[in-house]
Amino acid sequence: MSRAIAEPESRGLLSRHDLRRPGTSILVRTIHVLVLVGVVVAGAGPLAWLAFASLNTTQEVLRDPFAVWFHADEWSNYTAAFGTIDIGRYLLNTVVFAVGACLANLIVSTSAAYVIAVLRPRWGGVLSGAILATLFLPGIVSLVPLYLTVLDLPPFGVNLQNTYWAAWLPAAANAFSILIMVGFFRSLPRELIEAARLDGAGNLRMLWSIVLPLSRPILGVVALLSIIAAWKDYLWPSLVLADASVQPISVALPIVGKITDLSVFLAALFLATIVPVVLFMVFSKQILSGVGASSGLKD
Amino acid sequence: MSTSIHRASSPRERIIRWRRRGGLSALALALPVLIVFGYFSWKPLVQGVVMAFQKWNFVSDPTWVGLSNFQYVLADPLLAVAVGNTLLFTVLALAFGFPLPLALAVAVSTLRDRTRRLASFLAYLPVIVPPVVAILLWKVFYDPSESGLFNSVLAAVGLGPFPWLNAAASAMPSIVLEATWAGAGTATLIYLAAITSVRPELYEAAELDGAGIASRIWHVTFPQLRTVILIMLLLQVIGAAQVFAEPYLFTGGGPQNATLTVMLLLYRYAFTGGDYGAATALGVLLALVLAALSALYLVITRRWSE
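As given, the protein sequences belong to chains A and B, one line each in that order. Residue numbers are given in full-length UniProt numbering: position 13 of the first sequence equals residue 13, and the series is strictly consecutive. Residue numbers are given in full-length UniProt numbering: position 133 of the second sequence equals residue 133, and the series is strictly consecutive.
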């Protein structure tokens, strides 16, 4: 944009004038190079090392961890990861957990935000206050009672342990998703809602044919963030999805690691990162702007 | 408000009118959030406080035991160790993890659009890696033998080999190093978003007054970011105080309890010892400390956003 006409340059910390001074220019360039090398080494380095190391034998990795780049051809590690430690099943379990958590998150956060930001009933303030409060109360108090609730769901006395519901439902109690949605729904043009109301549209119809179609980008952000959050989750699923048949990969890896050859285990670690990293590569724009915007919401 | 006008109407008529205005469907739409938060957020929070005053034995109903859970927790010699370690983790996490993202964000903000996006992407990549994978991978990096990855890097400049996670003195700093790597991306992006929204006129004016780059960062950028900086500081403290996965998976609390944190102690009470009363009592104590911090956070941010 600023390239078209040089005059009204959108400047930041540095000005053209700064960069014209040779000393400053060299300093700034040096810092830029250092920062870029730093984020490449720290950001991409470990994952790149993992990718290459997972194609070496255990002996090769242990003997010289910096030589892994040169003989990355041990594809049998991946065959073994899928064969002997059945990593495919754990990945599938993680997909089931993450997709369910995402759907539950979307249903709860959309309907709640619609009530709070668009319908605005008299009790809406109390509801949003009660939801917001959970952001500030540390989760540690509720860990044990939450676990007991899942073991014996009152009043039905159902035990949800080792069913995905035990992970999906608590993941949906996410005040942060609701906060993002409320912020977006508040920015929708009020006239649109009033006009629909005058046309006799009911609450559900307004949600379905006006609010939701306008909210696709924000629904995408909430969906992505909840999928990645589920993929990263460890403590809670380790308590309620402990059985090997339902274990997500994060829960399985520390157990599998104790009984697996290092090279095969590195292949398993790499497989566990592929889905979130690919999601991030494809949707980096949405995810990065979502993270950046989260600070604005708290002001 | 409307009741004053329709004072004569019967409760039945009022309910009908409420339904016509969509009051019933609004309530129906709120059901998912009410059920999910009721069961999995609000009820456990209240129950957590109640359970801190109870004894559970899984055979009969829980009995009230007054403050004895708190007495038990406070008398446990491991509590002081855990509190000390958690404080150490928090201090180190701030020392490593607070200035780094801020400096990185300032530097990245001066990059051109394209390179800035690339740098943001790379800085956030560690946040996307599942923590369990990151921890288990760093455990390989921390191999204490001479051919371990970090040790062979340091050997090239004549240092080490270091025992990393295997020695009481270096275990906690090693854990914090990984945690900083894993978490710095989020803070960097939040700072970056705040920095790019600083109005250019402010820099313009400072520059006309003869302020150099360092002085502009100090007198323009940082003051403009003070709310965000404060929020991030407190969120980092609150997050650090509840650290679990890193010490649990790296060291299990060892060596010699050098990485036993409060959260790890709580986990042991509850899921190794089955003492739910002690676990919830410890949870309440930690929550009180963090609630005090949150209250401070609310007061200060409210004052500053006015």
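For each residue, glycine too, the CB sits at the ideal point set by N, CA and C. Computed from a predicted model, the values in this text were never measured in an experiment.
Coil, strand or helix - residue i by DSSP
{"i": "I158 of chain A", "result": "The residue asked about is misnamed: residue 158 of chain A is Val in this sequence, not Ile. Looking at V158 of chain A - three-state DSSP - the assignment turns out to be strand."}
{"i": "Q256 of chain B", "result": "coil"}
{"i": "Q71 of chain B", "result": "helix"}
{"i": "Q242 of chain B", "result": "coil"}
{"i": "L91 of chain A", "result": "helix"}
{"i": "Q54 of chain B", "result": "strand"}
{"i": "V291 of chain A", "result": "helix"}
{"i": "W123 of chain A", "result": "coil"}
{"i": "W164 of chain B", "result": "helix"}
{"i": "L153 of chain A", "result": "strand"}
{"i": "W69 of chain A", "result": "coil"}
{"i": "T63 of chain B", "result": "strand"}
{"i": "K258 of chain A", "result": "coil"}
{"i": "S4 of chain B", "result": "Residue placement at S4 of chain B is flagged as unreliable, the pLDDT there being 47, under the threshold of 50; a coordinate-derived value is accordingly withheld."}
{"i": "D18 of chain A", "result": "helix"}
{"i": "V246 of chain A", "result": "coil"}
{"i": "L79 of chain B", "result": "helix"}
{"i": "S215 of chain A", "result": "coil"}
{"i": "S10 of chain B", "result": "coil"}
{"i": "S187 of chain A", "result": "coil"}
{"i": "F270 of chain A", "result": "helix"}
{"i": "Y248 of chain B", "result": "helix"}
Interface residues of chain A facing residue i [CB-CB closer than 8 Å]
{"i": "W42 of chain B", "result": "A130 and T134"}
{"i": "G22 of chain B", "result": "L119, G202 and N203"}
{"i": "Y142 of chain B", "result": "Ordered by position in chain A, no residue passes the 8 Å Cβ test against Y142 of chain B, which lies about 12 Å from the chain."}
{"i": "W109 of chain B", "result": "Checking the displayed sequence, the identity of residue 109 of chain B turns out to be Ser instead of Trp. The contacting residues are G12 and L13."}
heavy atom of the ligand NAD below 8 Å from residue i C-beta
{"i": "L165 of chain B", "result": "You won't find the ligand NAD in this model; it holds no ligand whatsoever."}
Where residue i meets chain A, residues with beta-carbon distance less than 9 Å
{"i": "Y124 of chain B", "result": "G43, F280, S284, I287, L288 and V291"}
{"i": "F121 of chain B", "result": "V39, G43, F280, M281, S284 and L288"}
{"i": "V299 of chain B", "result": "Those do not exist, as V299 of chain B stays about 12 Å from chain A at its closest Cβ, beyond 9 Å."}
Contacting residues, own chain, Cβ-Cβ under 6 Å from residue i (five flanking each side not counted)
{"i": "residue 307 of chain B", "result": "The displayed coordinates of chain B run from 1 to 306. Any statement about residue 307 of chain B would go beyond what the structure contains."}
{"i": "L298 of chain B", "result": "none"}
{"i": "E178 of chain B", "result": "W138"}
{"i": "T280 of chain B", "result": "G48, M51 and A52"}
{"i": "G185 of chain B", "result": "A123, Y124, P126 and V127"}
Neighbour list for residue i in chain A, Cβ cutoff strictly below 7 Å
{"i": "Y276 of chain B", "result": "V144"}
{"i": "L265 of chain B", "result": "The contacting residues do not exist; L265 of chain B stays about 11 Å from chain A at best."}
{"i": "S294 of chain B", "result": "F136"}
{"i": "L290 of chain B", "result": "P138"}
Segment limits, alpha helix (DSSP H) that includes residue i
{"i": "W49 of chain A", "result": "G45 to A53"}
{"i": "L283 of chain A", "result": "Looking at the sequence provided, one finds Phe at residue 283 of chain A rather than Leu. No alpha helix (DSSP H) contains F283 of chain A, which DSSP labels as neither H nor E."}
{"i": "Y78 of chain A", "result": "S76 to G83"}
{"i": "Q59 of chain A", "result": "T58 to R63"}
{"i": "R117 of chain B", "result": "D113 to I128"}
{"i": "F150 of chain B", "result": "L149 to A156"}
{"i": "N174 of chain A", "result": "Note, N174 of chain A: premise wrong, no alpha helix (DSSP H); not H, not E."}
{"i": "P131 of chain B", "result": "P131 to F141"}
{"i": "W208 of chain A", "result": "Where W208 of chain A is concerned, there is no enclosing alpha helix (DSSP H), given that its DSSP letter is neither H nor E."}
{"i": "Y203 of chain B", "result": "P200 to L208"}
{"i": "S215 of chain B", "result": "I213 to R216"}
{"i": "L265 of chain B", "result": "V262 to Y267"}
Contacting residues, own chain, Cβ-Cβ under 8 Å from residue i (five flanking each side not counted)
{"i": "I217 of chain B", "result": "V106"}
{"i": "F162 of chain B", "result": "P144, F150, N151, L154 and S170"}
{"i": "Y164 of chain A", "result": "V96, F97, G100, L241 and V246"}
{"i": "L127 of chain A", "result": "A112, V115 and I116"}
{"i": "A173 of chain A", "result": "V108 and T134"}
{"i": "P170 of chain A", "result": "L146, V150 and W236"}
Beta-carbon neighbours of residue i, restricted to chain B and to distances below 8 Å
{"i": "D64 of chain A", "result": "S147 and S152"}
{"i": "W231 of chain A", "result": "P130"}
{"i": "V221 of chain A", "result": "Within 8 Å Cβ-Cβ: nothing; V221 of chain A doesn't reach chain B, min ~14 Å."}
Amino acids of chain B, ordered along the chain, whose beta-carbon sits closer than 9 Å to that of residue i
{"i": "L47 of chain A", "result": "L125, P126, V129 and L137"}
{"i": "V277 of chain A", "result": "L125, I128 and V129"}
Contacting residues, own chain, Cβ-Cβ under 7 Å from residue i (five flanking each side not counted)
{"i": "residue 366 of chain A", "result": "Residue 366 of chain A is absent from the structure shown; chain A starts at 1 and stops at 299."}
{"i": "N56 of chain A", "result": "V68, H71, A72, E74 and S263"}
{"i": "F184 of chain A", "result": "S215 and I218"}
7 Å Cβ cut-off: residues of chain B touching residue i
{"i": "P170 of chain A", "result": "F40"}
{"i": "T273 of chain A", "result": "V129, P130 and V133"}
{"i": "G257 of chain A", "result": "L136"}
inquiry  = If the cut-off is 7 Å on Cβ atoms, which residues from the segment 214 to 227 of chain B count as contacting chain A, listed in chain order?
reply    = R216, I217, T221 and T227
Can you pull out the residues from the segment 237 to 258 of chain B whose beta carbon lies closer than 9 Å to at least one beta carbon of chain A?
So the close ones are I238, A241, Q242, F244, A245, Y248 and L249.
Using a Cβ-Cβ cutoff of 9 Å, what residues of the segment 15 to 40 of chain A are near chain B? List them in chain order. S15, H17, D18, T24, L27, V28, I31, H32, L34, V35, L36, G38, V39 and V40
| said: Any C-beta of chain A within less than 9 Å: which residues of the segment 44 to 73 of chain B qualify? | reply: The residues in question are P44, L45, V46, Q47, G48, V49, V50, M51, A52 and W56.
Within 7 Å of chain A by C-beta, residues of the segment 150 to 181 of chain B in sequence order = Of all residues in the segment 150 to 181 of chain B, the ones placed with a Cβ closer than 7 Å to any Cβ belonging to chain A are S152 and W181, in chain order.
Name the residues in the segment 94 to 127 of chain A whose C-beta lies less than 7 Å from a C-beta of chain B; which are they?
I107, V108, S111, A112, Y114, V115, L119, P121 and L127
Fill in: chain A contacts from the segment 79 to 107 of chain B (Cβ-Cβ distance under 8 Å)
If the cut-off is 8 Å between Cβ atoms, the segment 79 to 107 of chain B has L104, V106 and A107 near chain A.
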